[in-house]
Structure formats: C-alpha cells, structure tokens
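Numbering (my numbering), first residue to last: 1114 to 1405. The C-beta atom is built at its ideal place from N, Cα and C for all residues, glycine as well. Computed from a prediction, not measured in an experiment: that's the story for all the values here.
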Amino acid sequence: MASSFDKYQKRKLISSYISVVISIALVLFLLGCLGLLVINSKKVADHFKEQVVMTIYLNDTAKEVEVNQLKKSLAMAEYTKEALYVSKEEAAEFMKAETGEDFMDFVGYNPLKNSIDVHLKADFVTTEQLTEITDALSTKAFIEEIRYDNDLVELMNDNVKKITFWVLIISGLFTLIAVLLINSSIRLAVYSKRFIIKTMQMVGATKTFIRRPFVWKSVQLGIIGALVALGGMAIVLYYLDITFPELELLRNTVLIAGLFVGIFLLGIVITWISTFIATQRFLNLKTDQLYY
C-alpha cells in the first residue's frame, strides 16, 4: 500500500516538474522570438528601404565621358548601395518582355532614355535626404530628370516608426507577462509542498536550510526550460535564415549570442527569485493558515 502511494506521489511530483519546465520553456521561447524580432527589425526595415530605386534619366546628347564620370561618382557616393546603368535599348527589351509587344513597331522609334538606377543605402531613404541628392545631381546639364516614389518613401518611414514603437511596447508587456507566468508556475509547485516546508521548520530547520533545496530544484528546472526554449529559437532562426537569406539574420552574431545568453540567464534568475519569494511566504505563515 505504501509502495503504491509512494509511486503515486513520485508520478505526481514528476508531472509537476514537467508542467513547470513546459511553462518556462514556452514563455522563454516566445520571449526569445520577440527578442529576435526586435534585434532584426531594423535590418528588415533597411531591406525594404533599399528596394526603393532613384532613376536618373540622361539626355540623348550626353557624352560618354560625362556618363562614365557620373557612374563613377555615384559608385563612390556614400549614399549609394548599387548603381546600374540601363541603356535605352535594354529598357526597350525589358518593356517588350513585360508587355509581350514591341511598342517600337507602333511608334517607329525608341522614345526611352538612357538611365541609371540607383539603390540607396537605407539611412538615406528619407524625403529630406532624397531631396538633397536630387538637387545636387540636377545641376548637371546632361541629366534630364530624376524620379523616385516619394509617397512610398514617406509611407515606409511612417510605418517603420509606428512598428518600432509598438514592438518596443509589446516587448515590455511581454517581458512582464513572462515574469508573472513563470512566477505563477513556481508558486504552484512550491504550494504543493507547503506542509513539508512547515514540518521541517517545526523540527528546527533554519529558513536557509529549508529554502536551499527548493531554490536549487527550481533553478535546475529553469535551466532545462531555458535550454528547451533556446533549442526552439535556434530552429526558428535557422529556418528563417534559409527562407530569407537576403536578410542575413545570422550575420550579427554578437547580438544573437547576447540574446541567447540573456534568455538563459532570465530563466535562472526568474525561477530563483520566484522560488525564494514563494518559500519565504510559506515559512512566514502560521500552521493553520496553510489550509487557506
């Protein structure tokens, strides 16, 4: 009979430990994924900003030496990520491929212009910076026109600011929720042993002696939960890097390593503090209060 009861108690204890580990792992995993989003939010925003193209249209009378000088100056400019020269013939072939028709059969000549497509670095994709660049380039007589989608630039910058603000707010709230959830799981685990705590105290054990095994066990569970969460984060990061290689998510190894270490330490610190507070509460209760 006693053996069956011991087995039942052991299974119940293991089940309690597993539920705590799962709770810690899930919360830390979601918190870690949010951390990955925060770390890479600027990189993602920069990727979309750098898709904006500023097209410089050249006069047909532009000399080859002038065009070459312009291409070299653009390539060396601090705001240029990539500059690609597109001849009027290449532009005509592109339009023919897009529309499926040769518009020159109707027009009789090629009305398109030689141009240079400039992909700007993300920091320069703002209305103010683009205006300055346009004004500086427009002083060259052989440049006929400079075009870019200003409405798209303004909309993109406004949305980036809004998304960044809300991501930071959500990160703060989620961190608080993570702490509260892990704390609740630890308190429930300690609550199931409140009578053991009080019995040890009644036979003369000190608070430090009673608290030590509970804290150590919770820290162990926190470590296991953190390792499970880190494994999940590594899998998510790996598949995201394969799916979106252009974002180069694994390039910033220092920040990613810092996030992984932070999540691991967070799992330990929260479980340690939660267990300390929970055991202290039951140590300070009177025996008749344990039933409520």
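**Request:** Could you spell out where the alpha helix (DSSP H) holding Asp1230 opens and where it closes?
**Result:** Here residue 1230 corresponds to residue number 117 of the sequence shown, with the count starting at 1. From DSSP, Asp1230 is part of no alpha helix (DSSP H) but of the beta strand (DSSP E) over Ser1228 to Leu1233.
**Message:** Just verifying my parser: in three-state terms, what is the DSSP assignment at Ala1318?
**Reply:** Position 205 of the sequence shown, counted from the first residue, corresponds to residue 1318. Residue state, collapsed to three classes: coil.
**Asked** So does the region 1252-1269 actually touch the region 1192-1201, counting three or more Cβ pairs closer than 8 Å?
**Response** no
**Message:** Looking at the strands, I want to know which residues DSSP matches up with Glu1195.
**Reply:** Residue numbering aside, residue 1195 sits at position 82 when the sequence shown is read from its first letter. For Glu1195, which the question treats as bridged, DSSP gives the partners His1232.
**Asked** Enumerated in chain order, which unbroken segments of the beta strand (DSSP E) with a length of 3 residues or greater are wholly contained in the region 1257-1282?
**Response** none
**Buried versus exposed, by CB contacts within 10 Å (16 or more), Lys1306** = The residue given as residue 1306 occupies position 193 in the sequence shown. Around the beta carbon of Lys1306, a 10 Å sphere encloses 16 or more other beta carbons of the protein chains shown; the residue is thus reported as buried.
**Prompt:** On the three-pair Cβ rule with 8 Å, is the region 1233-1244 touching the region 1158-1173?
**Reply:** These segments touch.
**Prompt:** How would you label Ile1283, buried or exposed, when you count the other beta carbons within 10 angstroms and need 16 or more for buried?
**Reply:** In the sequence shown, the residue the question calls residue 1283 occupies position 170. Exposed is the label assigned to Ile1283, since fewer than 16 other Cβ atoms lie within 10 Å of its Cβ.
**Prompt:** DSSP on Val1133, reduced to helix/strand/coil?
**Reply:** Stepping through the sequence shown from its first residue, residue 1133 is reached at position 20. Three-state DSSP puts Val1133 in a helix.
**Leu1286 versus Val1151 - alpha carbon distance** = Residue numbering aside, residue 1286 sits at position 173 when the sequence shown is read from its first letter. Residue numbering aside, residue 1151 sits at position 38 when the sequence shown is read from its first letter. Going from the Cα of Leu1286 to the Cα of Val1151 covers about 14 Å.
**Request:** Could you work out which residue in Ser1154, Leu1343, Gln1393 and Asp1248 is closest to Gly1371 when comparing CA atoms only?
**Result:** On the sequence shown, position 258 is the one that residue 1371 refers to. Taking only the C-alpha atoms, the option nearest Gly1371 is Leu1343.
**Asked** If you follow the beta strand (DSSP E) that Thr1168 is part of, which residue opens it and which one closes it?
**Response** Position 55 of the sequence shown holds residue 1168. Element bounds for Thr1168: Val1166 to Leu1171.
**Message:** On the CB-based measure, 16 or more other CB atoms within 10 Å of its CB, does Thr1312 come out buried or exposed?
**Reply:** Numbered from its first residue, the sequence shown carries residue 1312 at position 199. Exposed, by the Cβ-count rule.
**Item:** Asp1230 beta carbon near the ligand GDP (any heavy atom closer than 7 Å)
**Value:** By its list of ligands, the structure shown contains no ligand whatsoever, and the ligand GDP lies outside what it can speak to.
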